[in-house]
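Just so you know, the sequence shown maps onto residues 1 to 159 in our numbering. We put the CB at the ideal spot given by N, CA and C, even for glycine.
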Amino acid sequence: LSRYLRLLEKLIKDVVASDASKVDSFVINCLMDLYVIKTHLAPNDNKIESTLFYVLNRKMWPILIKIFKVNNKAIKEVEHKFINYIVDSKSNDCTSHLQNVTAIPRLYRRTNRSPPKEASSYMVEAVKPILTFSNSFKSKLGDKFNDIVNSIILKITNQ
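Shown next as C-alpha coordinates:
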(Lines of atoms letter the chains of each structure in order from A and count residues from 1; the text may use other names and numbers.)
(Lines give C-alpha, C1' and ligand atoms only; values in the text may rest on other atoms or scores of the structure.)
Protein backbone atom coordinates (compact mmCIF):
# COMPACT_ATOMS: atom_id res chain seq x y z
CA LEU A 1 0.00 0.00 0.00
CA SER A 2 2.73 2.47 0.91
CA ARG A 3 4.55 1.97 -2.42
CA TYR A 4 1.32 2.46 -4.32
CA LEU A 5 0.52 5.64 -2.39
CA ARG A 6 4.03 7.02 -2.89
CA LEU A 7 3.77 6.29 -6.62
CA LEU A 8 0.47 8.17 -6.80
CA GLU A 9 1.94 11.13 -4.90
CA LYS A 10 4.90 11.22 -7.29
CA LEU A 11 2.61 11.05 -10.31
CA ILE A 12 0.48 13.95 -9.11
CA LYS A 13 3.60 16.08 -8.59
CA ASP A 14 5.09 15.21 -11.97
CA VAL A 15 1.94 15.33 -14.08
CA VAL A 16 2.17 17.60 -17.09
CA ALA A 17 -1.22 18.54 -18.47
CA SER A 18 -0.87 17.91 -22.17
CA ASP A 19 -4.50 16.83 -22.35
CA ALA A 20 -6.37 18.11 -19.32
CA SER A 21 -9.35 15.78 -19.79
CA LYS A 22 -7.09 12.71 -19.73
CA VAL A 23 -5.27 13.97 -16.65
CA ASP A 24 -8.60 14.70 -14.92
CA SER A 25 -9.86 11.25 -15.83
CA PHE A 26 -6.67 9.67 -14.48
CA VAL A 27 -6.91 11.62 -11.22
CA ILE A 28 -10.59 10.72 -10.76
CA ASN A 29 -9.86 7.05 -11.46
CA CYS A 30 -7.07 7.15 -8.89
CA LEU A 31 -9.48 8.68 -6.37
CA MET A 32 -11.97 5.90 -7.07
CA ASP A 33 -9.21 3.31 -6.55
CA LEU A 34 -8.30 4.93 -3.26
CA TYR A 35 -11.92 4.80 -2.07
CA VAL A 36 -12.06 1.07 -2.87
CA ILE A 37 -8.70 0.42 -1.22
CA LYS A 38 -9.80 2.33 1.86
CA THR A 39 -12.89 0.17 2.30
CA HIS A 40 -10.76 -2.99 2.28
CA LEU A 41 -7.53 -1.93 3.96
CA ALA A 42 -8.62 0.91 6.23
CA PRO A 43 -12.25 0.66 7.30
CA ASN A 44 -13.31 3.64 9.39
CA ASP A 45 -15.25 1.63 11.92
CA ASN A 46 -12.30 -0.70 12.64
CA LYS A 47 -14.70 -3.65 12.64
CA ILE A 48 -12.56 -6.57 11.67
CA GLU A 49 -15.68 -8.74 11.40
CA SER A 50 -16.62 -6.90 8.21
CA THR A 51 -13.25 -7.45 6.53
CA LEU A 52 -11.41 -10.37 5.06
CA PHE A 53 -9.05 -10.21 8.06
CA TYR A 54 -11.77 -11.81 10.17
CA VAL A 55 -10.09 -15.20 9.65
CA LEU A 56 -6.96 -14.12 11.50
CA ASN A 57 -6.30 -15.01 15.11
CA ARG A 58 -8.18 -12.69 17.49
CA LYS A 59 -4.94 -11.87 19.28
CA MET A 60 -3.85 -10.06 16.09
CA TRP A 61 -6.93 -7.83 15.99
CA PRO A 62 -5.55 -4.98 18.13
CA ILE A 63 -2.56 -4.78 15.79
CA LEU A 64 -4.87 -4.82 12.77
CA ILE A 65 -6.85 -1.92 14.19
CA LYS A 66 -3.64 0.10 14.50
CA ILE A 67 -2.73 -0.85 10.92
CA PHE A 68 -6.20 0.24 9.75
CA LYS A 69 -5.71 3.62 11.40
CA VAL A 70 -2.29 4.12 9.80
CA ASN A 71 -3.62 3.02 6.39
CA ASN A 72 -6.62 5.31 6.72
CA LYS A 73 -4.39 8.28 7.51
CA ALA A 74 -2.04 7.56 4.59
CA ILE A 75 -4.89 7.09 2.12
CA LYS A 76 -6.62 10.29 3.29
CA GLU A 77 -3.41 12.28 2.73
CA VAL A 78 -3.11 11.06 -0.85
CA GLU A 79 -6.85 11.57 -1.45
CA HIS A 80 -6.47 15.13 -0.22
CA LYS A 81 -3.62 15.77 -2.67
CA PHE A 82 -5.66 14.43 -5.58
CA ILE A 83 -8.72 16.44 -4.62
CA ASN A 84 -6.56 19.55 -4.25
CA TYR A 85 -5.15 18.93 -7.72
CA ILE A 86 -8.67 18.81 -9.20
CA VAL A 87 -9.78 21.88 -7.23
CA ASP A 88 -6.71 23.87 -8.28
CA SER A 89 -6.98 22.78 -11.89
CA LYS A 90 -10.67 23.65 -12.27
CA SER A 91 -10.44 26.91 -10.33
CA ASN A 92 -7.50 28.02 -12.48
CA ASP A 93 -9.50 27.19 -15.62
CA CYS A 94 -12.41 29.28 -14.36
CA THR A 95 -10.41 32.25 -13.09
CA SER A 96 -8.55 32.62 -16.37
CA HIS A 97 -11.91 33.43 -17.97
CA LEU A 98 -13.05 35.63 -15.10
CA GLN A 99 -10.12 38.01 -15.60
CA ASN A 100 -11.94 39.37 -18.66
CA VAL A 101 -14.98 40.30 -16.57
CA THR A 102 -13.22 43.37 -15.19
CA ALA A 103 -13.38 44.90 -18.65
CA ILE A 104 -17.19 44.89 -18.77
CA PRO A 105 -17.82 48.09 -16.77
CA ARG A 106 -15.42 50.00 -19.02
CA LEU A 107 -17.51 49.03 -22.04
CA TYR A 108 -20.54 50.84 -20.63
CA ARG A 109 -19.05 53.65 -18.55
CA ARG A 110 -19.59 57.10 -20.06
CA THR A 111 -21.15 55.68 -23.17
CA ASN A 112 -24.69 55.69 -24.40
CA ARG A 113 -24.73 51.94 -24.81
CA SER A 114 -27.63 50.16 -23.16
CA PRO A 115 -26.78 47.70 -20.41
CA PRO A 116 -26.51 44.03 -21.35
CA LYS A 117 -29.72 42.03 -21.48
CA GLU A 118 -28.19 38.55 -21.52
CA ALA A 119 -25.32 36.77 -19.86
CA SER A 120 -21.89 37.70 -21.06
CA SER A 121 -19.87 35.10 -22.92
CA TYR A 122 -17.19 35.59 -20.26
CA MET A 123 -19.48 34.13 -17.63
CA VAL A 124 -20.49 31.19 -19.78
CA GLU A 125 -16.83 30.40 -20.42
CA ALA A 126 -15.97 30.86 -16.75
CA VAL A 127 -18.49 28.24 -15.65
CA LYS A 128 -17.79 25.85 -18.52
CA PRO A 129 -14.89 23.95 -16.81
CA ILE A 130 -17.12 23.14 -13.84
CA LEU A 131 -19.98 22.04 -16.08
CA THR A 132 -17.67 19.85 -18.15
CA PHE A 133 -16.25 18.33 -14.97
CA SER A 134 -19.77 17.75 -13.69
CA ASN A 135 -20.94 16.05 -16.87
CA SER A 136 -17.88 13.84 -16.98
CA PHE A 137 -17.45 12.74 -13.37
CA LYS A 138 -20.59 13.34 -11.30
CA SER A 139 -21.79 9.75 -11.59
CA LYS A 140 -18.34 8.33 -10.75
CA LEU A 141 -17.73 10.45 -7.66
CA GLY A 142 -21.14 10.14 -6.05
CA ASP A 143 -21.17 11.80 -2.61
CA LYS A 144 -17.67 13.26 -2.98
CA PHE A 145 -18.68 15.23 -6.09
CA ASN A 146 -20.55 17.96 -4.18
CA ASP A 147 -17.64 18.43 -1.79
CA ILE A 148 -15.20 18.84 -4.68
CA VAL A 149 -17.41 21.30 -6.59
CA ASN A 150 -18.02 23.30 -3.40
CA SER A 151 -14.26 23.48 -2.86
CA ILE A 152 -13.76 24.69 -6.43
CA ILE A 153 -16.39 27.40 -6.06
CA LEU A 154 -15.06 28.50 -2.66
CA LYS A 155 -11.54 28.78 -4.04
CA ILE A 156 -12.76 30.88 -6.97
CA THR A 157 -14.81 33.20 -4.77
CA ASN A 158 -11.92 33.69 -2.34
CA GLN A 159 -9.58 34.89 -5.08
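Alpha-carbon spacing of residue i relative to residue j, whole angstroms
i: Val27; j: Ser21; result: 10 Å
i: Leu107; j: Pro115; result: 10 Å
i: Ala103; j: Tyr122; result: 10 Å
i: Glu79; j: Phe133; result: 18 Å
i: His40; j: Tyr54; result: 12 Å
i: Asp147; j: Lys76; result: 15 Å
i: Leu31; j: Leu56; result: 29 Å
i: Thr51; j: Glu118; result: 56 Å
i: Lys128; j: Lys47; result: 43 Å
i: Arg113; j: Lys73; result: 58 Å
i: Asn150; j: Lys59; result: 44 Å
i: Ile130; j: Cys94; result: 8 Å
Start-to-end residues for the alpha helix (DSSP H) that takes in residue i
i: Val78; result: 61-98
i: Thr134; result: According to the sequence provided, residue 134 is Ser. The question's Thr does not apply to it. It spans 121-141 - the alpha helix (DSSP H) in which Ser134 sits, taken as one unbroken run.
i: Lys13; result: 2-14
i: Pro116; result: Careful: Pro116 lies outside any alpha helix (DSSP H) and carries neither H nor E.
i: Ile104; result: 104-108
Three-way DSSP call (helix, strand, coil) for residue i in this model
i: Ser25; result: helix
i: Lys47; result: coil
i: Asn57; result: coil
i: Thr157; result: helix
i: Thr39; result: helix
Counting pairs of Cβ atoms below 8 Å between the region 135-153 and the region 25-44, do you hit three or more?
-> yes
Below 8 Å, how does it come out for the region 58-66 and the region 82-91: are there three or more Cβ pairs, yes or no? no
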